[in-house]
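Enquirer:
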Amino acid sequence: MEIIRLENIWKSFGKIHALEGVNFSLKKNEIVGLLGDNGAGKSTLVKIISGVFPHDKGNFYLNGEKIEKFSPKLARQNRIETVHQDRSLAENQAIWRNFFMGRHKTNFLGFIDKKFEKKETLKILQKNLGLKGVGITPDSPVSSLSGGERQGLSIGRAMYFDSEVIILDEPTTALAQNESQKVISFIKEIKNQGKSCILITHNLRHVFEVADRFVIVSRGKTDTIINKADTDLDNLTKILIDHAGI
Amino acid sequence: MNFILKYRHQLIITSILILLLCLFMFLSPRTFLSSGIYSAYMSTIPFTAVLALGLTLVIVCGEMDLSFPAVMAASGFVFSIVFIETGSVFLSVAAAVFTGGLCGALNAFLIVKIGVPSIIATIGTQFFIRGLTVLLAQGLAKSLIGIRDTFGYQILSGRIADFIPMQFVWLVILTIVFLLILNSHVLGDRIRFTGDNANAARIMGISVNRTKTFVFIIMGVCSGFSGVLVCSEMANWWPTQGEGFMLIVFASVFIGGTSVFGGKGTIYGTFIGSIIISMIEAGLVSAGAQGLWTRFVYGIVIITAVSFYAKTSDKKIGQ
Ligand SMILES: Nc1ncnc2c1ncn2[C@@H]1O[C@H](COP(=O)(O)OP(=O)(O)O)[C@@H](O)[C@H]1O
Ligand SMILES: [Mg+2]
Chain A
7 MEIIRLENIW KSFGKIHALE GVNFSLKKNE IVGLLGDNGA GKSTLVKIIS
57 GVFPHDKGNF YLNGEKIEKF SPKLARQNRI ETVHQDRSLA ENQAIWRNFF
107 MGRHKTNFLG FIDKKFEKKE TLKILQKNLG LKGVGITPDS PVSSLSGGER
157 QGLSIGRAMY FDSEVIILDE PTTALAQNES QKVISFIKEI KNQGKSCILI
207 THNLRHVFEV ADRFVIVSRG KTDTIINKAD TDLDNLTKIL IDHAGI
Chain B
6 MNFILKYRHQ LIITSILILL LCLFMFLSPR TFLSSGIYSA YMSTIPFTAV
56 LALGLTLVIV CGEMDLSFPA VMAASGFVFS IVFIETGSVF LSVAAAVFTG
106 GLCGALNAFL IVKIGVPSII ATIGTQFFIR GLTVLLAQGL AKSLIGIRDT
156 FGYQILSGRI ADFIPMQFVW LVILTIVFLL ILNSHVLGDR IRFTGDNANA
206 ARIMGISVNR TKTFVFIIMG VCSGFSGVLV CSEMANWWPT QGEGFMLIVF
256 ASVFIGGTSV FGGKGTIYGT FIGSIIISMI EAGLVSAGAQ GLWTRFVYGI
306 VIITAVSFYA KTSDKKIGQ
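Below you can see the structure in the form of structure tokens.
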């Protein structure tokens, strides 16, 4: 069953044509690797799926239903969770606030259940970032975290909220080897739980390890789609180099 | 240790207040060891403090408002004419606060819908609102002398036990409400994220535009209420009302520890900051210094406070 389907999607920013007739689909329990050069349009594509940008033209179906109006909130309500390339964290705010940003647990008056949120954040910090007694608490501002830790926080945030589709836009850039490995195990876990994932990365070894299908984005188009069964790492590398060479 | 680190801004500002108080007690014990001066303080502090509370939210939201002195005057004017026409303080307060909210909505419209940067939009509305008010009032003051005989006056400006002015009670209530909003309510959370990183806030599903609109309306309502408090206490409205408040209110917010870059602010700091700023003038005069000293001492206090904050910012101490 297809969860997401994009047909002939166009998107421009002023004079820049970021997407020029993209087709894309994601099935249930499938992991798709989205590959391509910088500036090819990968992030724009996932931002349309996560409700950040509206598309200019084309059809966007979610679970078979055509989407007319979409927003980050609606994407979440449809259990699409995204870790954006820019991480989407607010530097000066406490880690726990960032963790629950835009979806706090509140009482009927709108007051935040801080105790609960801090407790949950602490759990995730210890589990995901392995932060134990280094002076970082849920109350510390995000600015006190390293780049890798911020990434861990964003991914932990996406993992925490039970979702059907998880989109990871370059999740392992700037991560140390063992931290990257954690992300890879997390993606395998997504697969085991019967959920779906879109993974954008420049690390072909990583994506080859976990993805079922590869979609190559090139200058706003997606003309090359390869099943894992039909290729190997060398072949995939070669195809990508060829694309970049055009 | 953690407590000290976490509340360092609050501790700094509280220390400055205590230091100043000790200084004034030392310089003019007769004034500062008697209760009269404190009652006087409590009657005037709320005028600027109520504005400063609203402005704190605006600045945490990453915006600016320069129109509040004019909004105060406009709301005070509406308060006066409704009172003169109907004699009902309750109705007058409602009309004034509504006027303030309306002015805030006008600011929000220009900023959110038209896309004018807030500092520029509110320079425009400040002239527009003040100008319109002066025109409607034909430049004349309004006497509200009859207000002192009403029950409404007792609620707005009466004295508890002949000592605590009611406006100070209102200020304390508002301070607590704003404290809860900014620290524990989802609205405050949206304000923080909008001011800190509007783009991330939007991507994470926060309605940045609605948050900004809310903040400007709240600022308008605060300005309206402050206008009401001034009119009621003075039993008078005049066309230049609020004109001297602009810099004093900004100073109160910034010596309180709120960051001009948005995303960070403290309501407690603003509350204490307002007290400090109001205290200096009267303190100096009764300490025997001439009024000439006021600005100079303001300058010293503001520079000291903001330098402390810069030195103890999160990045500097690695927190
Ligand atoms: N918000 C934006 N405003 C203007 N141009 C943008 C914006 N986002 C992306 N672009 C442009 O769209 C093109 C595709 O960008 P992007 O989707 O980020 O590529 P990728 O993620 O594949 O590196 C680039 O030319 C980029 O400069
Ligand atoms: Mg990208």
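Those protein sequence lines, which keep their order, are chains A and B.
Take 7 as the starting number for the first sequence in the working numbering and just add one per residue.
Take 6 as the starting number for the second sequence in the working numbering and just add one per residue.
Don't be surprised by glycine CBs; every beta carbon is placed ideally from N, CA and C.
Any C-beta of chain B within less than 9 angstroms: which residues of the stretch 115 to 137 of chain A qualify?
Expert: Leu115, Gly116, Phe117, Ile118, Lys120
Enquirer: Near B:Phe114, which residues of its chain fall below 7 angstroms by C-beta distance, leaving aside the five closest residues on each side in sequence?
Expert: Cβ-Cβ distances below 7 angstroms link B:Phe114 to nothing in the same chain once the five nearest sequence neighbours on each side are left out.
Enquirer: In the structure shown, what three-state DSSP assignment does B:Tyr158 receive?
Expert: helix
Enquirer: Given that B:Val213 touches chain A, what residues does it touch there, using C-beta distances under 8 angstroms?
Expert: Identification of chain A residues near B:Val213 by a Cβ-Cβ cut-off of 8 angstroms yields none; the smallest Cβ-Cβ distance measures about 11 angstroms.
Enquirer: Are the beta-carbon atoms belonging to B:Ile196 and B:Leu184 less than 8 angstroms from one another?
Expert: no
Enquirer: Using DSSP bridges, identify the partner residues of A:Glu71.
Expert: A:Leu68
Enquirer: What residues in the stretch 11 to 27 of chain B bring their beta carbon closer than 9 angstroms to a beta carbon of chain A?
Expert: If the cut-off is 9 angstroms between Cβ atoms, the stretch 11 to 27 of chain B has Lys11 near chain A.
Enquirer: In the stretch 173 to 224 of chain B, which residue ranges form an unbroken alpha helix (DSSP H) of at least 4 residues, counting only runs that do not cross its ends?
Expert: The qualifying runs are 191 to 201, 203 to 208.
Enquirer: Does the contact criterion of 3 or more C-beta pairs under 8 angstroms hold for the stretch 225 to 234 of chain B versus the stretch 24 to 35 of chain B?
Expert: no
Enquirer: Cβ of A:Glu87 within 8 angstroms of Cβ of A:Ile190?
Expert: no
Enquirer: Do B:Ser241 and B:Leu141 have their C-beta atoms closer together than 8 angstroms?
Expert: Per the sequence shown, the amino acid found at residue 241 of chain B is Asn instead of Ser. Cβ distance not < 8 angstroms, so B:Asn241 and B:Leu141 don't count as in contact.
Enquirer: Just the C-alpha distance for A:Ser224 and A:Asp43, rounded to the nearest angstrom, thanks.
Expert: Between the alpha carbons of A:Ser224 and A:Asp43 lies a gap of roughly 7 angstroms.
Enquirer: Which same chain residues, not among the five before or five after B:Gln324, have their C-beta less than 8 angstroms away from its C-beta?
Expert: Confidence at B:Gln324 is low in this model, with a pLDDT of 40, below 50, so the placement of that residue should be treated as unreliable; the coordinate-derived value is given next. Leu10, listed in sequence order.
Enquirer: One question on the structure: do B:Ile272 and B:Leu96 come within less than 8 angstroms of each other, judged by their Cβ atoms?
Expert: In this structure, B:Leu96 does not lie closer than 8 angstroms to B:Ile272 by Cβ.
Enquirer: DSSP three-state label for A:Lys21, please.
Expert: A:Lys21: coil per DSSP, three-state reduction.
Enquirer: Between the beta-carbon of A:Ser94 and the beta-carbon of A:Ser160, is there less than 8 angstroms?
Expert: Against a cut-off of 8 angstroms, the Cβ pair of A:Ser160 and A:Ser94 comes out as a contact.
Enquirer: Are the stretch 81 to 95 of chain B and the stretch 288 to 305 of chain B touching by the rule of at least three beta carbon pairs closer than 8 angstroms?
Expert: No contact exists between the stretch 81 to 95 of chain B and the stretch 288 to 305 of chain B.
Enquirer: Using beta-carbon positions only, say whether B:Phe168 and B:Ser44 come within less than 8 angstroms of one another.
Expert: yes
Enquirer: Take B:Gly274 and list the residues in its own chain whose beta-carbon comes closer than 7 angstroms to its own, dropping the five residues that flank it on each side.
Expert: His14, Gln15, Ile18, Gly261, Gly262, Thr263
Enquirer: Report buried or exposed for B:Leu24, applying the criterion of at least 16 other Cβ atoms within 10 angstroms of its Cβ.
Expert: exposed
Enquirer: Is the closest heavy atom of ligand 2 to the C-beta of B:Ser162 under 7 angstroms?
Expert: Not a single heavy atom of ligand 2 lies less than 7 angstroms from the C-beta of B:Ser162.
Enquirer: Within 7 angstroms: the Cβ of A:Asp43 and any heavy atom of ligand 2?
Expert: No.
Enquirer: Does B:Leu192 come within less than 8 angstroms of chain A when only Cβ atoms are used?
Expert: yes
Enquirer: Count the other CB atoms, across all protein chains shown, that sit within 10 Å of the CB of B:Thr245; report buried if there are 16 or more and exposed otherwise.
Expert: exposed
Enquirer: Taking buried to mean at least 16 other C-beta atoms within 10 Å of its own C-beta, is B:Lys321 buried or exposed?
Expert: Bear in mind that a pLDDT of 49 at B:Lys321, under 50, signals an unreliable position, so the number given afterwards is only what the model happens to contain. Exposed, because fewer than 16 other Cβ atoms sit within 10 Å of the Cβ of B:Lys321.
Enquirer: Beta carbons nearer than 8 angstroms to chain B: which residues of the stretch 190 to 209 of chain A have them?
Expert: none
Enquirer: Under 8 angstroms between beta-carbons, which chain B residues line up against A:Asp175? List them in chain order, please.
Expert: Those do not exist, as A:Asp175 stays about 11 angstroms from chain B at its closest Cβ, beyond 8 angstroms.
Enquirer: What does A:Val58 touch in chain B if you count any residue whose Cβ is under 8 angstroms from its own?
Expert: Residues of chain B passing the Cβ test: Arg207, Ile208.
Enquirer: Using a 10 Å radius around the Cβ and a threshold of 16 neighbouring Cβ atoms, would you call B:Tyr303 buried or exposed?
Expert: Taking all protein chains shown into account, B:Tyr303 has 16 or more neighbouring C-beta atoms within 10 Å of its C-beta and is therefore buried.
Enquirer: Using the three-state DSSP reduction, which class does A:Lys63 fall into: helix, strand or coil?
Expert: strand
Enquirer: State the Cα-Cα distance for the pair A:Lys227 and A:Leu210, rounded to the nearest angstrom.
Expert: 20 angstroms
Enquirer: Name the chain B residues that come within less than 9 angstroms of A:Gln157, Cβ to Cβ?
Expert: Within chain B, no residue comes near A:Gln157; the closest Cβ sits about 14 angstroms away, beyond 9 angstroms.
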